[in-house]
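I have placed the structure first, in the form of structure tokens, so that the comments after it can refer back to it.
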Amino acid sequence: MQRLNCENFPCHFPGQDCSLCFCPFYPCRDPRTGGQEKDGSWSCKSCIIVHRPDVAEQILYALMKGETTSLVWKRLEELL
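Under numbering that gives the first Met the number 0, the first residue of the sequence shown carries the number 0, and numbering increases by one thereafter.
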């Protein structure tokens, strides 16, 4: 899913899934995502993991089932 009129589009890569425009794991502080500490804040600029369509679908499904973000993140870490 993409919202082409988003002021930040495209923020990562062509074909990305924008369902998680606001990351439920922010700030993960996990450099394996491509994110980094920048000027005292966590920057997700290089993170693409939650924008992969297959991953976004898994995250949304788990959260809609009522799973906690920490449990979903634990599963997501296996993909990093």
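The C-beta atom is built at its ideal place from N, Cα and C for all residues, glycine as well.
Inter-residue Cα distance where the pair is LEU79 and TYR25: Numbered from 1 along the sequence shown, position 80 holds the residue referred to as residue 79. Numbered from 1 along the sequence shown, position 26 holds the residue referred to as residue 25. If you take the alpha carbons of LEU79 and TYR25, they lie about 16 angstroms apart.
SER40 beta carbon less than 8 angstroms from that of GLY34: Taking the sequence shown and counting its residues from 1, the one referred to as residue 34 is at position 35. Taking the sequence shown and counting its residues from 1, the one referred to as residue 40 is at position 41. Contact flag unset, no.
Beta-carbon proximity check, THR68 vs PRO23, cutoff 8 angstroms: For the purposes of this step, residue 68 is taken as the residue at position 69 of the sequence shown. For the purposes of this step, residue 23 is taken as the residue at position 24 of the sequence shown. Result yes, Cβ atoms of THR68 and PRO23 sit closer than 8 angstroms.
Of the residues CYS5, PHE12, GLU36, the one placed nearest ILE47, counting alpha carbons only: For the purposes of this step, residue 47 is taken as the residue at position 48 of the sequence shown. The residue with the shortest Cα to Cα distance from ILE47 is PHE12.
Residues sharing a beta bridge with SER42, DSSP: As a working note, residue 42 is residue 43 in the sequence shown. DSSP lists GLN35 as partners of SER42.
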